[in-house]
Amino acid sequence: MELGVFYILAAVIVVSGLLVVTLKNIFHSALMLILCLFGVAGIYILLHADFLAAVQVLLYVGGVTILMIFAIMVTHQLTGKKIKHYNEQPVPAGLIILSLLILLIVSITRTAFEVADKAEPMPTVAVIGRALMTDYVLPFEVVSVVLLVALIGAIVIARRD
Amino acid sequence: MATLEHYLILSAILFCIGVFGLLSRRNAVGILMSIELMFNSANINFVAFSKFINPDILTGQIFSVFVIAIAAAEAAVGLAIVVLLYRNFDIVNIDKINFMKW
Amino acid sequence: MIEIPFINLAVIYPEIAIFTASVIVLLVDLFMKGEKQGTLSTITMLGFAAAAIIASRQWFHFETGFSDALIADNFALVFKLLFCAAGVLTLFLSVHYLNREKIFRGEYFFLILSSTVGMMILASANELITAFLGLEVMSVPLYLLAGYDKKKLLSNEAALKYFLMGAFASGILIYGIAFVYGNLGTTNFDEIYRALQGKTLYGEPLLLLGLGLILIGFSFKTAFVPFHSWVPDVYVGTPTPATAFFSIAPKAAGFAILFRLLFKAFAPMMPDITGILWVLAVLTMFAGNLIAIAQRNIKRMLAYSSIAHAGYILIALTTGTADGAKAAILYLLAYTAMNVGAFGIVILLGREGEKDLSIAGYSGLSRRHPIAAAAMALFMFSLAGIPPTAGFIGKFYIFRGAVSAGFIWLAILGVVNSLISVYYYLRVIVIMYMKPEAESDRVITYPLSLMVAIILAAWGTVQIGIFPNSWLNLVRDSVSGFF
């Protein structure tokens, strides 16, 4: 049962991911990206990461991709001119990637992981929240600095003056 | 039961798709999408490792939270730059960039 | 109830000082009316000075904090001091330039400061995720600085290229970190070191792959060949003072984390990867120097020369010894002085709109502007590694370290590359002194702030070159506790 769900989600992710990088119409690519990110959220649920799945949907699907669609709509005339973008050198790039993929898969299958047989705490929010306030308080604050810089920087760059 | 290897191979495929898009796309927003795929594949790895290696402390999931935040910040900055280039110079495709150039 | 653990803030005092300054800059910029450049640059300067004073007072304290995610040993502190110096020098370079190009806005200082915060975190990171986040804090402002001259196409393109390359590198880096975490169950450098005991790299293909991806991710920042293709375009398009900053500070930060990663966390695996580093070093030196010869634009030439200099420092990294680390720090200090000086002269001789950047345009400069020509000659001599300048001392210790660690061929190839580089550095001097004066309506004013930067850089270049002893002591102390 679980394996079946995994394969369905994996198929959704791989197919939509491939479409993201190959579709001629960039707007369709963005829609496929949304599907792909939903699939990843499903994988998180399968891995019992409920909080992350919610974050994925809210932040990625709801935030980042919408931002991208806005950018596409600002930079392309949606009506009239056709939105197209081309792939260059897909064959050499594909060959490089194929060898990278084989390398990765061989490495993964040949590594013996020490799988721990412990149950994870449910719900995960409490544990994550506590860790963010104790052991990971510094990275947490550093992320806030990144977000501040990105916020101000994006305004500075995109503002007319 | 889906094992750790299942998830790792899925993430490897997603990572490779992202790199492929990066090498072959000529549109800045398209490249940004490919980069998001790469970040997502890293996140699948983190969460899978978290579940299978040390499930009781969830470190991998916490790392994923950070990665998602960083990805959002990068997307905002990148799209701001794209909008700037388009508005001032009407450029979206970056034909002059060749990622495979030495 | 959440048990709040003891937090040792001392380990991030310098970062706090800089970040506070950056926020004050933003607020003052928002609420102050009228001429504010003087106020803002003073605040920025005070922030750097405060951070530098704090960092120098922590010398030999070896603070650690945040579950050992950060460590403020002397090695980190010397880099923090270097970032402060680079920041202050960049500030002096910027004031006149921003006015000349009419692109002054308060956020410029904010971006420089917040980028420095990221570099400091990177230099003292003792954990992979912290290092990744530090890298992002450093990089995001740099992308924006590259595109700071919004009306210029080149600057915009530089921002886009830098951003896409940087984001790509981040993606590779985080994927590699995930593999290391999955294999060893930890991201802390000390724990990685313990977990690696008794393992051979080739028995762990995924770990090898993870380490390789992490190295590639950081190699983009330090611009090793073949991960350098963004450098020339970004350096040329970026406003010149920011280019000077790019060529020094992020590079030093990248080396800081690479040293900590390879000499501390992955030290047991170091012998397995010296071969790769060896090849990278040779490629980086040759590509940088040979392509630099063909350049006609001074900024482009300095861009390729900065790639070549990263190659020399990579020699020090390859040796894997304490002497190598010392030589690398000394070289970075020397490189900061001489490169800021060279870019200072480029700004001095430039005109509004970034014109007059061709090397041929410097012909006969010595007759009309003897001081500028002499200063440029000094920096070119130093970059070429001719005694008695800082560049010579830096190269001398790097090559000596390589020979004593048994990397004779690497040292020989380094010397060969130094000789190649003499050709294009000396060509600038020959053009300035031997060629007839170019028909030019070049008017040089000598703005005070720019002169301060150039004089400081010249002082550093000569000081390290002639009296290296105190610097050698500093460098020796800075690796204490690291090995």
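Chains as they are written, first to last, in this note's numbering: chain R, 363 to 523; chain A, 93 to 194; chain P, 1069 to 1551.
All C-beta atoms in this analysis are idealised placements derived from N, C-alpha and C, irrespective of residue type, glycine included.
The structure presented is a predicted model; accordingly, all values stated were derived computationally and were not measured.
Starting from residue i, follow its DSSP beta bridges and name the residues at the other end.
i         : result
P:Thr1132 : P:Ile1139
P:Arg1435 : According to DSSP, which records beta bridges pairwise, P:Arg1435 is partnered with nothing at all.
P:Ala1193 : P:Leu1138
P:Asn1045 : Because chain P in this structure spans residues 1069 to 1551, residue 1045 of chain P falls outside the shown range and cannot be described.
P:Asn1024 : There is simply no residue 1024 of chain P to check, as chain P begins at 1069 and stops at 1551 in what is shown.
DSSP state of residue i, grouped into three classes?
i         : result
P:Asn1541 : helix
P:Trp1346 : helix
A:Met125  : helix
P:Ile1511 : Checking the sequence shown, residue 1511 of chain P turns out to be Val, not Ile. The answer is coil: DSSP assigns P:Val1511 none of H, G, I, E or B.
P:Tyr1243 : helix
P:Asp1340 : helix
P:Tyr1216 : coil
P:Arg1495 : helix
P:Ser1297 : coil
P:Met1448 : helix
R:Asn387  : coil
P:Thr1112 : helix
P:Lys1503 : coil
R:Met435  : helix
R:Gly404  : helix
Taking 8 angstroms as the threshold (beta carbon to beta carbon), is residue i in contact with chain P?
i        : result
A:Glu166 : yes
R:Val456 : Reading off the sequence, residue 456 of chain R comes out as Gly, not Val. Not closer than 8 angstroms to any Cβ of chain P, the Cβ of R:Gly456 fails to qualify, so no.
A:Met93  : no
R:Leu397 : no
A:Leu150 : no
A:Phe112 : no
A:Leu176 : yes
A:Val157 : no
R:Ala512 : yes
A:Asn146 : yes
Any beta carbon of chain R sitting closer than 8 angstroms to that of residue i?
i         : result
A:Ala134  : no
A:Ile127  : no
A:Asn137  : no
A:Phe181  : no
P:Ile1189 : yes
P:Leu1222 : no
Please classify residue i as buried or exposed, where buried requires at least 16 other C-beta atoms within 10 Å of its C-beta.
i         : result
R:His410  : buried
P:Gly1155 : buried
P:Trp1539 : buried
P:Gln1265 : exposed
P:Leu1348 : buried
P:Asp1217 : buried
P:Thr1404 : buried
P:Ile1366 : buried
R:Val487  : exposed
R:Gly491  : exposed
A:Phe191  : Because the pLDDT of A:Phe191 is 40, which lies under 50, any placement of that residue in the model is unreliable, and the number read from its coordinates should be weighed accordingly. That one is buried.
A:Phe131  : buried
P:Ile1072 : exposed
R:Gly442  : The predicted model places R:Gly442 with a pLDDT of 43, which falls under 50 and marks its position as unreliable; any figure quoted below should be read in that light. Exposed, because fewer than 16 other Cβ atoms sit within 10 Å of the Cβ of R:Gly442.
R:Ser461  : exposed
P:Tyr1165 : buried
P:Val1185 : buried
P:Asp1141 : buried
Within 8 angstroms of any Cβ in chain A, is that where the Cβ of residue i sits?
i         : result
R:Pro485  : no
P:Phe1236 : yes
>> When you compare the stretch 1478 to 1485 of chain P with the stretch 1341 to 1361 of chain P, are there three or more beta-carbon pairs, one atom per stretch, that lie closer than 8 angstroms?
In response: The stretch 1341 to 1361 of chain P and the stretch 1478 to 1485 of chain P touch, with three or more beta-carbon pairs separated by less than 8 angstroms.
> Between the stretch 1365 to 1378 of chain P and the stretch 1291 to 1302 of chain P, are three or more C-beta pairs nearer than 8 angstroms?
Replying inline: Cβ pair count under 8 angstroms is three or more, so yes.
>> Any contact between the stretch 1234 to 1251 of chain P and the stretch 1271 to 1290 of chain P? By contact I mean 3 or more CB pairs, one from each, below 8 angstroms.
In response: yes
>> I'd like to know if the stretch 1124 to 1142 of chain P and the stretch 1180 to 1196 of chain P are in contact, where contact means that at least 3 CB-CB pairs between them fall below 8 angstroms.
In response: With a cut-off of 8 angstroms on Cβ pairs, the stretch 1124 to 1142 of chain P is in contact with the stretch 1180 to 1196 of chain P, counting three or more such pairs.
> Do three or more CB pairs link the stretch 1209 to 1221 of chain P to the stretch 1271 to 1278 of chain P at distances below 8 angstroms?
Replying inline: no
>> For the stretch 1234 to 1241 of chain P against the stretch 1305 to 1324 of chain P, do three or more pairs of beta-carbon atoms, one drawn from each stretch, fall closer than 8 angstroms, so that the two count as touching?
In response: no
> Are the stretch 1100 to 1108 of chain P and the stretch 1117 to 1134 of chain P touching, with three or more C-beta to C-beta distances below 8 angstroms?
Replying inline: Contact fails: fewer than three Cβ-Cβ distances are below 8 angstroms.
> Counting pairs of Cβ atoms below 8 angstroms between the stretch 1455 to 1465 of chain P and the stretch 1391 to 1411 of chain P, do you hit three or more?
Replying inline: As far as the Cβ criterion goes, the stretch 1455 to 1465 of chain P touches the stretch 1391 to 1411 of chain P, which means the pair count is three or higher.
>> Any contact between the stretch 136 to 152 of chain A and the stretch 1247 to 1257 of chain P? By contact I mean 3 or more CB pairs, one from each, below 8 angstroms.
In response: yes
> Is there contact between the stretch 156 to 164 of chain A and the stretch 410 to 420 of chain R, where contact requires at least three CB pairs shorter than 8 angstroms?
Replying inline: yes
>> For the stretch 170 to 180 of chain A against the stretch 1082 to 1089 of chain P, do three or more pairs of beta-carbon atoms, one drawn from each stretch, fall closer than 8 angstroms, so that the two count as touching?
In response: no
> Counting Cβ pairs, one atom from each stretch, are 3 or more of them under 8 angstroms apart for the stretch 115 to 127 of chain A and the stretch 508 to 516 of chain R?
Replying inline: no
> Quick check: the stretch 1466 to 1475 of chain P against the stretch 1381 to 1401 of chain P, are there 3 or more CB pairs under 8 angstroms?
Replying inline: With contact defined as three or more Cβ pairs closer than 8 angstroms, the stretch 1466 to 1475 of chain P and the stretch 1381 to 1401 of chain P are in contact.
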